[in-house]
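One structure is given here, and the rest of the page talks about it.
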Amino acid sequence: MTQSYRIETGGLINRNKKISFKFNGTSYFGYEGDTLASALLANGVHLVGRSFKYHRPRGFFGAGVDEPYAVVQLYRNGETEPNIKATEQELFEGLEASSVNCWPSVNFDIGAINNFLKIFLPAGFYYKTFMWPKSFWYKIYEPFIRKAAGLGVASTKHDKERYEHKYEYCDLLIAGSGPSGLASAYSAAKNGAKVILAEDKPRYGGSLLTSDVNIGNQSGKDWADGIISELKEMPNVTVKNRSQVFGYYDHNMLVMSEKVSDHLPKTKKYHPNKRLWYIRAKEVLISSGSIERPIVFGNNDTPGVMLSSAAKEYLKVYGVLVGKKPLVFTNNDSGYETAIEFKKHGVEPIVLDSRSNPQSEIIDEAKNLGINIKNSYVVVAAQGYKKVKSADVATISEDKKTLGKIENINCDCICVSGFWTPTIHLVSQSGNKTKFNEEIDAFVPGVSKQNETTLGAANGVFTLEETLKTSFEKGKELSKKITEKDNEISIPNVVEKKYSKHDKFWCVPLPKGKSYKRFLDFQNDVAVSDVEIALREGYRSIEHVKRYTTLGMATDQGKTSNLNGLQLVSEIENKVVPSVGHTTFRPPYTPISIGAIVGREVGKHSKPTRKSPIHNWHEEHNAVFVDAGVWLRPRYYKRGNETLFEASKREAKNVRTNVGVCDVTTLGKIDVKGPDAAEFLNRVYTNAWLKLPVGKARYGVMLREDGIVMDDGTTTRISENHYHMTTTTAQAANVLSHLEYYLQLVWPELNVNVVSTTEQWAGAAIAGPKSRDLLQKLFPKTDVSNEGLPFMGYVEGDLFGVKARIFRISFSGELAYEVNVESDNGRFMWEKIIELGEEFQIQPYGTEALSTLRIEMGHVAGSELDGRTIPYDNALEGLLSKKKDFIGKRSLQRAAFVAEDRQRIVGVVPLDKKN
Amino acid sequence: MLHIKCPHCGMRSQNEFSYGGDATVKRPELNKEVTDQEWDNFVYNRVSPRGKHLELWQHLSGCRQWIKVERDTATHEIFKTYKANEEIA
Ligand SMILES: [Zn+2]
C-alpha cells in the first residue's frame, strides 16, 4: 500500500524505518516517529469512529491531546486498552487498533439511525426520554444505550504490565516544553535550582516545532534542541518527555503520568509501563500553551474538518497532507500559516477569512505566493458524509448576521482556525480564579492561588518575543528566591511575524430553511440547538447547562468546546462571557490508566504480608494459612486428605486430652512503663488495675468513649513500673494510637510511656492437661508447679540458654501457658517445644481449633468484638467496675444500651450436654 | 495530598498522618457527673465548619505525636500547627 498523502521529504519522522500496523483489520505502514493518527492520514484514512450519541462518522480533529474524536481501542502485546487518542499514540511495529462507538462496523453502523432520529435525542435525552416507565430503565434502556455507546472496552484479564509510583520534590516544576517552558527552565537551571521539565509529547519544543520563527539566528526548533541538550547535561535538571502533568492538587502537589513503554511493541524487562510521579514543587511554572478553537458551522463534525494548527503539524512534523484540495477557514492570521505550508508543498489552498480587509506581514506573504484568499467569507456547511467532499460557502455581512448567496467549493478538507484558547486547566485546578480577557476572547489566569505562575500562550501571550523575555525573567526570579543565585542570562534575538487582530466571530448563522447540526462539543455530540434547548427549558447556571447537555464533560474536559459553548450561552442570555463564567476544570486533564493510578498495590501488594519468625516451620509442616489483619497465621496443619473441619477437630481434641502448641506471635504487644502506669491502665480498662501485684497478669476489656468494646487481652505486671499489654492481632495499631491519644492530649500529667513491642517477641501458647509436664521439661530450673506459677502468674525462665517470659494464661479455658522469647529465638523455642513435647503427644494447632476451643468454653472468639457491641452484648458486664471511672463508662447509660430488648450473644449448650 | 508541618519533624506528606477530628473538644473530667447532653456533645456532636478548623492529626508514620493543625476546611490552607500541649494563639 502506498502512502498517497505523505510528501516526498520533510517532517521529523525517520523515513529509514518503516513500521507496519493494523487498523480495523487492514494492514498499513508508517514510519518511526509517526502517531497512529499521522500514519492513518498518510494512508488517506480519515474515518476512525462514530460519535457518541448520533453515531455520525468521526475523523481526526486535532493532532495531540486536544483530539476529541479519534479515540480508539488499542491492542499491544496481548493486552487491550480503551480510550486511547490516536493522535497521541506513537506507532510501533505490530500495533493494532480498532474503532469504538460503532457496531457492527465503522462503515456500517446501526446506531447511525440515531442521526436520523435526532429530533428524539435532544439535550437532556437521558433525563427525559428514558425515564418512563421507571421499570424500563435497568432492563431495556440502559443496556441498549450501553451497547450502542461507550468509548471502548476495558480488559477483563489480569494486567501483566507493571506500574510504578514515584515521589519527587523539586524547586521548580515546569509543565510544557514550548518556548516559555524552555526559557524558564533554562534560567532557573542556570541559577542552580532543582528543576523538572515535563513534556507530554515525545518531542520537545511545543509550538517551536511548527512555527516559522528564528531565535538567536537559529530556527525555533534548532534553538529548542540546543536548550534541551544543555538541560539534559545538568545534574540539577530532570527532563521528561511523554509525561503529562494532569492534576494540580493541594499544597503544590502535582501528579504527572509518564508513559514509559507505550511507544514500544513490548515493555522492556524491569521497566514499568507507566510511572506516576507525585511531585511536590516549591514553584510551579505552567507553560501548557494554547489550543486552537474551532469556528462553529453546519456539519462541522464531518471527517476532514479539522483544526488548522493540526493540519500544519501533520505537515511539518509528520510530512503528511491532510488533504490535497484544502479549504482554510479562519478568523485570524494563524490560518495563513497553514495555507502557506500547503502552498510550499505544491498544494493549492483556498483561504476564507471572515474579516473584510485584514492586513499583516503573513497575509502579504500568502498573497505574494499567489494563494487564493476570499475576505468576508465563511463556510456555511461541510458537505459529504464519511469525508468532506465540498463546502457550502457564502459571504457574510459586517455584523456577521446575514449570509450572501451560497456557493459550493470543491475541497477534501476544511482547516479551521477560530483563534487560540490558553490551556488553563492546571491553573484552574490550583484554585486560581481565572479572568476573561476581551483582547483574546478567552479566560486567562488571574491571581495565583498556590505557587503557580503561568507563562506564554497559556497566559494569553501570543508573541514569541514577549514570551521568551518574561519566561527567562520568571525562571530567574523564582529560582533566585530559592537558591539565592543570580546568573545573568542574555535573551536571544527573536524574528517573528506580527499578527493583525483576530475577528470576534465564532459561529456561522444558519441559512434560511436549513437545519444543519452545528457542533460545539465534538466528543459528546453537543450541538448549538442542544444548548438552546437547555436555556429555553430554564437552565441558567453554566454548571447546570453542562450537566444537562453534557457539554465539556468526560475525557475531553472542554478542551476545544468550552469557549464556544460559553459564547453561545452569553449570546442567548444577553450577558457577557465573564459573567457566565466557565465550568470547573477537573483533573485529570487527559485520561490516565487505572493501572498507573493503582501502581504496585495490586494483588498481594495491596497490603504488606507479615509473617511470624516461626512461619517457615509452619510451612514445612503443611500449615494452611489464613489472613489475620496483615499477618498470616496457620489456620490448621493438614494431615493427608484431612478437611478443615477434620483437622481442626483433631487439633482441638488433642489440646483437650494431651497438649497443643499455637503460634501467638501475632498478638499485639505494648510496653506500658512509668510511675503512673497502674493509674493509666485503671482508666483505660473497664476493670480494676491498681492492686495487680508484680508477677501477675489480668484480663481486661477496653472501650471507646462511645461505649463500644474496642479490644481485650491480658496485661502482666513485669515489674513495679512496667506492664506488658497484649492486644488482639487486628487492633494492635489502633490500641497504640488510642493510648497515645490519652497520654498526649487528655491526661498529659500522667507519667507513662507506651511503645509497641509486637515485633520484639515471639509467642507460643502451650495448652492442655499435659502442658505443665512439658513446661517443666522446657524449664527444668524453674518452679512451674501450681504454687510456683499459679493461675495468672508470671515468671522469667531460662530455655536452654535463651531468656524467656512464662505466663500462666489460658486462651481457651484449660491448663495453659504462654512462652515468649525474643523474636530471633522464636523458631528455636518452637522446635524445643515440639521436640520435648513429643512424649506428651504434642500437636501444633491453628486458629480454627483455637476458636473452637474458645467457643466451647464460652469465651469471646474475636468476631464478637466487631466495633458494634458493648460489654453487655458479649456477657462481659462482670468486668465493668462500679467503683471507678474509665474510658467510655458514661456512654453505657445511653437508653439504647440499657434497653430491655437489646440483642445479646449467648452460649448454646446441646440438650444432651455431650455432643 | 496535604503538606503538613509536624512541629517535631518538619514538613511531611499527608500520607504519614492520620486524622483525629476536632481539637477543641474537651473530655469531661473523670468521676464527674455530666448530663446526657454534655456527654453527647463530647462524644457525638460536632460542628462542621466551612473555614478555619482546629483539628487533631497524629504523625503516625513519623514521631507518633498527636498535633493540632489549624486548617481551612474549604481551601485546605494550613495556617499553623501546634504541639499537643502548646498554647493556641
Ligand atoms: Zn512528627
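If you read the protein sequences in the order shown, they are chains A and B.
To get the working numbering, take the position in the first sequence, counting from 1, and add 478.
To get the working numbering, take the position in the second sequence, counting from 1, and add 266.
By construction, the Cβ of each residue, glycine as well, lies at the ideal position given by its N, Cα and C atoms.
Remember, it's a predicted structure, so these values are computed and weren't measured experimentally.
**Report entry** Of the residues A/GLN1045, A/THR1144, A/SER1090, A/PHE983, the one placed nearest A/VAL1006, counting alpha carbons only
**Finding:** For this step, residue 1006 of chain A is matched to residue 528 along the first sequence. With distances taken between Cα atoms, A/VAL1006 lies closest to A/GLN1045.
Requested in this report: Run down chain A in chain order and give the residues with a C-beta less than 8 Å from the C-beta of B/LEU320.
Outcome: The count along the second sequence starts at 1 and reaches residue 320 of chain B at position 54. Those within 8 Å of B/LEU320 in chain A number zero; the least Cβ separation is about 13 Å.
Query - Where B/ASN351 meets chain A, residues with beta-carbon distance less than 7 Å - result: Locating residue 351 of chain B in the second sequence gives position 85, counting from the first residue. Going along chain A in sequence order, the residues near B/ASN351 (Cβ under 7 Å) are PRO1226.
Report task. Starting from the N-terminal side, write out each stretch of the alpha helix (DSSP H) that is 4 residues or longer and does not extend beyond the region 1127-1188 of chain A. Result -> Correct list: 1155-1162.
Report task. Check the DSSP bridge columns for A/LEU675 and list the partner residues they point to. Result -> In the first sequence, the residue the question calls residue 675 of chain A occupies position 197. BP columns for A/LEU675 point to A/ILE652, A/VAL717.
Query raised in the report: Of all the options A/GLY1345, A/ARG536, A/THR1206, which has the alpha carbon lying nearest to the alpha carbon of A/ASN777?
Result: In the first sequence, counting from the first residue as 1, residue 777 of chain A sits at position 299. Of the candidates A/GLY1345, A/ARG536, A/THR1206, the one whose C-alpha sits nearest the C-alpha of A/ASN777 is A/ARG536.
**Report entry** Beta-carbon neighbours of B/THR341, restricted to chain A and to distances below 9 Å
**Finding:** Position 75 of the second sequence, counted from the start, is the residue given in the question as residue 341 of chain B. Residues of chain A passing the Cβ test: ASP728, GLY909, LYS927.
Report task. Identify whether A/TRP1308 lies in helix, strand or coil by the three-state DSSP scheme. Result -> For this step, residue 1308 of chain A is matched to residue 830 along the first sequence. Reduced to three states, the DSSP call for A/TRP1308 is helix.
Requested in this report: Identify the continuous alpha helix (DSSP H) that holds A/ILE1020 and give its terminal residues.
Outcome: Along the first sequence, read from residue 1 onward, the residue named residue 1020 of chain A stands at position 542. Where A/ILE1020 is concerned, the enclosing alpha helix (DSSP H) stretches over 1020-1027.
Query raised in the report: Would the beta-carbon of A/ILE652 fall within 9 Å of that of A/LEU754?
Result: Indexing the first sequence from 1 puts residue 652 of chain A at position 174. Indexing the first sequence from 1 puts residue 754 of chain A at position 276. Taking 9 Å as the cut-off, the Cβ atoms of A/ILE652 and A/LEU754 do not count as close.
Query raised in the report: alpha helix (DSSP H) containing A/ARG758: first to last residue?
Result: In the first sequence, the residue the question calls residue 758 of chain A occupies position 280. Element bounds for A/ARG758: not the alpha helix (DSSP H) but the beta strand (DSSP E), 752-764.
Report task. Check whether the region 1160-1169 of chain A touches the region 1355-1368 of chain A, counting contact only when three or more Cβ pairs, one atom from each stretch, lie closer than 8 Å. Result -> Enough Cβ pairs lie closer than 8 Å, so yes.
**Report entry** Residues that B/ASN297 contacts on chain A, provided the C-beta gap is smaller than 8 Å
**Finding:** As a working note, residue 297 of chain B is residue 31 in the second sequence. Residues of chain A passing the Cβ test: LYS1362, ASP1363.
Requested in this report: For A/GLN696, name the three-state secondary structure that DSSP assigns.
Outcome: What you label residue 696 of chain A is simply residue 218 of the first sequence in a count that begins at 1. Note: A/GLN696 maps to strand in three-state DSSP.
Report task. Would you mind stating whether A/ASN1040 and A/THR1061 have Cβ atoms separated by less than 9 Å? Result -> The sequence position of residue 1040 of chain A within the first sequence is 562, counting from 1. The sequence position of residue 1061 of chain A within the first sequence is 583, counting from 1. By the CB criterion at 9 Å, A/ASN1040 and A/THR1061 fall inside the cutoff.
Query - Selected residue, minimal CA-CA separation from B/GLU282, among B/LYS271, B/ASN351, B/VAL309, B/ALA289 - result: Translated into the one-based positions of the second sequence, residue 282 of chain B becomes position 16. Ranking B/LYS271, B/ASN351, B/VAL309, B/ALA289 by Cα distance to B/GLU282 puts B/LYS271 first.
**Report entry** Minimum Cβ-Cβ distance from B/GLY286 to chain A less than 9 Å
**Finding:** As a first step, residue 286 of chain B is located in the second sequence; it is residue number 20 there, counting from the start. Yes - at least one Cβ of chain A is within 9 Å of the one on B/GLY286.
Query raised in the report: If you drop the 5 nearest sequence neighbours on each side, which residues of the same chain put their C-beta closer than 7 Å to that of A/LYS958?
Result: In the first sequence, counting from the first residue as 1, residue 958 of chain A sits at position 480. Take A/LYS958, set aside five residues on each side of it, and the residues of its chain with a beta-carbon closer than 7 Å to its own are ASN669, ASP964, in chain order.
Query raised in the report: Whose Cβ in chain A lies nearer than 7 Å to the Cβ of B/ARG330?
Result: Within the second sequence, numbered from 1, the residue matching residue 330 of chain B stands at position 64. Listed by position along chain A, the residues whose Cβ is nearer than 7 Å to that of B/ARG330 are GLU1218.
Query raised in the report: Below 9 Å between beta carbons: does that hold for A/VAL1187 and A/ASN1352?
Result: The residue given as residue 1187 of chain A occupies position 709 in the first sequence. The residue given as residue 1352 of chain A occupies position 874 in the first sequence. In this structure, A/VAL1187 sits near A/ASN1352, with a CB-CB distance shorter than 9 Å.
Report task. Kindly list the residues whose CB is nearer than 6 Å to the CB of A/GLU974, restricted to its own chain and excluding five residues on each side of it in sequence; keep chain order. Result -> The residue you call residue 974 of chain A lines up with position 496 of the first sequence. Closer than 6 Å at Cβ, skipping near neighbours: VAL691, LEU942.
Query raised in the report: Excluding five sequence neighbours on each side, which residues of the same chain lie with their C-beta closer than 7 Å to the C-beta of A/ARG493?
Result: As a first step, residue 493 of chain A is located in the first sequence; it is residue number 15 there, counting from the start. These residues qualify, in order along the chain: TYR509.
Query raised in the report: Taking Cβ to Cβ, would you say A/VAL866 is nearer than 9 Å to A/GLY782?
Result: Sequence index remark: in the first sequence, residue 866 of chain A carries index 388 (1-based). Sequence index remark: in the first sequence, residue 782 of chain A carries index 304 (1-based). Against a cut-off of 9 Å, the Cβ pair of A/GLY782 and A/VAL866 comes out as a contact.
**Report entry** Residue from A/TYR796, A/VAL1047, A/SER1019 whose Cα sits closest to the Cα of A/THR513
**Finding:** Here residue 513 of chain A is taken as the residue at index 35 of the first sequence, counted from 1. In terms of CA proximity to A/THR513, A/TYR796 leads the group A/TYR796, A/VAL1047, A/SER1019.
Query - Among A/VAL715, A/ALA632, A/LYS500, the one whose alpha carbon lies nearest that of A/ASN561 - result: In the first sequence, residue 561 of chain A corresponds to position 83, counting from 1. Looking at the Cα atoms, A/ALA632 is the closest of the given residues.
Query raised in the report: Exposed or buried, A/PHE940, counting other C-beta atoms within 10 Å across all chains shown (16 or more means buried)?
Result: Within the first sequence, residue 940 of chain A is the residue found at index 462, counting from 1. A/PHE940 comes out buried.
**Report entry** Inter-residue Cα distance where the pair is A/GLY1324 and A/ALA1242
**Finding:** Within the first sequence, numbered from 1, the residue matching residue 1324 of chain A stands at position 846. Within the first sequence, numbered from 1, the residue matching residue 1242 of chain A stands at position 764. Rounded to whole angstroms, A/GLY1324 and A/ALA1242 show a C-alpha spacing of 11 Å.
**Report entry** Contact with chain B by A/PHE1375, beta-carbon distance below 9 Å
**Finding:** The residue you call residue 1375 of chain A lines up with position 897 of the first sequence. False, the Cβ-Cβ gap to chain B never drops below 9 Å.
Query raised in the report: Taking the C-alpha atoms as reference points, what is the distance between A/MET734 and A/SER968?
Result: Translated into the one-based positions of the first sequence, residue 734 of chain A becomes position 256. Translated into the one-based positions of the first sequence, residue 968 of chain A becomes position 490. One C-alpha to the other measures close to 31 Å.
Query - A/ILE652 beta carbon near ligand 1 (any heavy atom closer than 8 Å) - result: As a working note, residue 652 of chain A is residue 174 in the first sequence. Relative to ligand 1, A/ILE652 has its C-beta separated by 8 Å or more from all heavy atoms.
Query raised in the report: If you measure from the beta carbon of B/TRP323 to each beta carbon in chain A, is any gap under 9 Å?
Result: Counted from its first residue, the second sequence places residue 323 of chain B at position 57. Taking 9 Å as the threshold, the shortest C-beta distance from B/TRP323 to chain A does not fall below it.
**Report entry** Residues of the region 1341-1370 of chain A with Cβ closer than 7 Å to any Cβ of chain B, in chain order
**Finding:** So the list reads ASP1363, ARG1368, SER1369, given in the order they occur along the chain.
Query raised in the report: What residue range is occupied by the uninterrupted alpha helix (DSSP H) comprising A/VAL1280?
Result: Residue mapping note: residue 1280 of chain A aligns to position 802 of the first sequence, counting from 1. No alpha helix (DSSP H) contains A/VAL1280, which is instead part of the beta strand (DSSP E) from 1280-1285.
Query raised in the report: Per DSSP, A/VAL774 is paired with what?
Result: Counting from one through the first sequence, the residue named residue 774 of chain A turns up at place 296. Residue pairing by DSSP puts A/VAL774 in a beta bridge opposite A/CYS985.
Query raised in the report: Since A/GLU791 is in the beta strand (DSSP E), which residue starts that stretch and which ends it?
Result: Residue mapping note: residue 791 of chain A aligns to position 313 of the first sequence, counting from 1. Here A/GLU791 belongs to no beta strand (DSSP E); instead the alpha helix (DSSP H) covers 786-796.
Query - Anticipated Cβ contact below 8 Å, A/ALA844 with A/TYR863, distance rounded - result: One-based indexing of the first sequence puts residue 844 of chain A at position 366. One-based indexing of the first sequence puts residue 863 of chain A at position 385. Not really, about 31 Å apart at Cβ, beyond 8 Å.
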